[in-house]
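**Student:** Pasting in a structure now, in structure tokens, and then I'll have a few things to ask.
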Amino acid sequence: MNEICVCRVGRVEFAQVWAWQEALRELRREGQMPDILLLVEHPPIYTCGRATLPEHLLSEELDGQPIDRGGSVTFHGPGQLVAYPIVDLRPRGRDVHQYLRDLEAVLIETLGTYGLEGEARSGLTGAWVGGRKVASIGIHVRHWITAHGLALNISTDLQYFAAIRPCGLGSEEMATMEVLLGRELVLAEVESVFLRAFADVFAVELTEIDRGELQAFIARPEQSV
3 MNEICVCRVG RVEFAQVWAW QEALRELRRE GQMPDILLLV EHPPIYTCGR
53 ATLPEHLLSE ELDGQPIDRG GSVTFHGPGQ LVAYPIVDLR PRGRDVHQYL
103 RDLEAVLIET LGTYGLEGEA RSGLTGAWVG GRKVASIGIH VRHWITAHGL
153 ALNISTDLQY FAAIRPCGLG SEEMATMEVL LGRELVLAEV ESVFLRAFAD
203 VFAVELTEID RGELQAFIAR PEQSV
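Just so we're aligned: the sequence shown equals residues 3 to 227 in my numbering.
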């Protein structure tokens with residue numbers, strides 16, 4: 003079974019994690035490390051993918067961070083599980099479409115553990131429950147190595163979505179797991195459920211590393227995880 007390292011990073015600024023992804027992707031391309039999955043919670047930020055149009059930003063004062071992932075504008079913030087898999091797609095048939103479907107399957111399996119019937123939508127990416135979008139996906143692939151990933155709304159303040167058309171949708175179409183379930187959830191517990199689903203869908207063995215090990219590895223690429 004293939005291995006993937008997992009780091010539960012905690013709350014970190016988006017720019018820092020983006021820089022880590024770039025460094026990790028290069029290390030992965032060079033074969034200096036295995037696949038790695040970062041689980042993060044960001045301070046509030048809007049990011050604008052390659053498909054973002056001016057009409058997706060509903061406030062002239064909104065300062066969105068342009069990035070190279072697919073998709074439109076979205077929000078990242080507290081109460082959201084953000085997952086960044088740095089995965090080499092070459093052993094997986096170089097199939098970007100299947101990779102996206104697998105990410106959706108991970109989300110749907112995670113939601114199902116809580117009794118929520120998640121679904122994907124043809125022509126779109128993400129996960130919906132009862133017609134409301136609870137998770138978004140936006141990736142970038144270079145040299146067949148993935149970056150960026152997905153965001154699952156657990157207890158996210160949905161008011162932040164009112165300033166944008168998230169992924170081209172209306173803010174009223176967004177939901178959180180807590181809203182759908184009518185009860186509070188613990189982010190760390192959802193992370194654990196998500197990781198089990200990820201291991202199941204991608205058929206990988208998870209090896210957890212801490213944030214210090216992650217940073218040390220990036221700083222000293224000649225060493226192995």
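For glycine and all other residues, C-beta sits at the position ideal for the given N, C-alpha and C.
1. How would you write the range of the beta strand (DSSP E) that L40 sits in, first residue to last?
2. Given E207, which residues of its chain have a CB within under 8 Å of its CB, disregarding the five upstream and five downstream residues?
3. Going by C-alpha distance, which of R92, T49, L113 and D212 is nearest G72?
4. Measuring straight from C-alpha to C-alpha, what distance separates A25 and F196?
5. Does the pairing of the segment 112-125 with the segment 208-218 give three or more beta-carbon distances under 8 Å?
6. Would you mind working out which of P68, N155 and H142 sits nearest L189, comparing C-alpha positions?
7. Tell me which same chain residues have a C-beta within less than 8 Å of the C-beta of P46, skipping the five on either side of it?
8. Considering only the alpha carbon of each residue, which of E180, L91 and L41 lies closest to V136?
9. Could you check if P87 is buried or exposed, using at least 16 other CB atoms within 10 Å of its CB as the buried criterion?
10. Can you name, in chain order, every residue of its own chain whose Cβ lies under 6 Å from the Cβ of E128, other than the five neighbours on each side?
11. Give a yes or no on whether the C-beta atoms belonging to D104 and V203 are separated by under 8 Å.
12. Less than 8 Å between the CB atoms is what I'm expecting for T148 and V8, so what's the real figure, rounded?
13. For the beta strand (DSSP E) that contains W130, what are its first and last residues?
14. Terminal residues of the continuous alpha helix (DSSP H) containing A190?
15. How far does the alpha helix (DSSP H) with H99 in it extend, from its first residue to its last?
16. Helix, strand or coil: how does DSSP classify L208 here?
17. Bridge partners for Y48 per DSSP, in chain order?
18. Does the beta-carbon distance from H58 to V75 come in below 8 Å?
19. Please identify the residue among F219, H145, E106 and G151 whose C-alpha is closest to the C-alpha of W130.
20. Rounded to whole angstroms, what is the Cα-Cα separation between G120 and V108?
21. Could you tell me the alpha carbon to alpha carbon distance between E43 and I141, rounded to whole angstroms?
22. Going by CA-CA distance only, name the one from G125, T178 and A21 that's closest to H150.
23. Please list, in chain order, all residues of the same chain as D90 whose beta carbon is under 7 Å from its beta carbon, the five residues on each side excluded.
**Tutor:** According to the structure data:
1. Here residue 40 refers to the residue found at position 38 when the sequence shown is read from its first residue. Element bounds for L40: D37 to E43.
2. Sequence index remark: in the sequence shown, residue 207 carries index 205 (1-based). The answer, listed in chain order, is M3, N4, E5, I6 and A201.
3. Counting from 1 along the sequence shown, the entry for residue 72 is found at position 70. Out of R92, T49, L113 and D212, T49 has the C-alpha closest to the C-alpha of G72.
4. To locate residue 25, count along the sequence shown from 1; it is residue 23. To locate residue 196, count along the sequence shown from 1; it is residue 194. Spanning the two alpha carbons is a distance of roughly 25 Å.
5. no
6. Stepping through the sequence shown from its first residue, residue 189 is reached at position 187. The residue with the shortest Cα to Cα distance from L189 is N155.
7. Translated into positions along the sequence shown, residue 46 becomes position 44. Taken in chain order, the residues that qualify are F77, H78, G79, P80 and Y162.
8. Walking along the sequence shown from the start, residue 136 turns up at place 134. Closest option to V136, Cα to Cα, is E180.
9. Reading the sequence shown from its first residue, position 85 is the one you call residue 87. P87 should be labelled buried.
10. Counted from its first residue, the sequence shown places residue 128 at position 126. The residue asked about is misnamed: residue 128 is Gly in this sequence, not Glu. Same-chain partners within the cutoff: K135, A137, S138 and I139.
11. In the sequence shown, counting from the first residue as 1, residue 104 sits at position 102. In the sequence shown, counting from the first residue as 1, residue 203 sits at position 201. Yes, the Cβ-Cβ distance between D104 and V203 is below 8 Å.
12. Taking the first residue of the sequence shown as position 1, residue 148 is located at position 146. Taking the first residue of the sequence shown as position 1, residue 8 is located at position 6. Not really, about 15 Å apart at Cβ, beyond 8 Å.
13. As a first step, residue 130 must be located in the sequence shown, where it is residue number 128. Here the beta strand (DSSP E) through W130 covers A129 to V131.
14. In the sequence shown, residue 190 corresponds to position 188, counting from 1. L189 to F204 is the span of the alpha helix (DSSP H), which, as asked, contains A190.
15. Locating residue 99 in the sequence shown gives position 97, where the first residue counts as 1. Counting along the chain, the alpha helix (DSSP H) containing H99 begins and ends at V98 to T115.
16. For the purposes of this step, residue 208 is taken as residue 206 along the sequence shown, with counting starting at 1. Strand, per DSSP.
17. Numbered from its first residue, the sequence shown carries residue 48 at position 46. DSSP, once it has assigned bridges, lists F77 as partnering Y48.
18. In the sequence shown, residue 58 corresponds to position 56, counting from 1. In the sequence shown, residue 75 corresponds to position 73, counting from 1. Yes, Cβ-Cβ distance for H58 and V75 is below 8 Å.
19. For this step, residue 130 is matched to residue 128 along the sequence shown. Closest by alpha carbon: E106.
20. Here residue 120 refers to the residue found at position 118 when the sequence shown is read from its first residue. Here residue 108 refers to the residue found at position 106 when the sequence shown is read from its first residue. Using only the alpha carbons, I get a separation of about 10 Å.
21. Here residue 43 refers to the residue found at position 41 when the sequence shown is read from its first residue. Here residue 141 refers to the residue found at position 139 when the sequence shown is read from its first residue. So the alpha carbons of these two residues sit roughly 17 Å apart.
22. One-based indexing of the sequence shown puts residue 150 at position 148. Closest option to H150, Cα to Cα, is A21.
23. Taking the sequence shown and counting its residues from 1, the one referred to as residue 90 is at position 88. So the list reads R30, D37, W146 and I147, once near-sequence residues are dropped.
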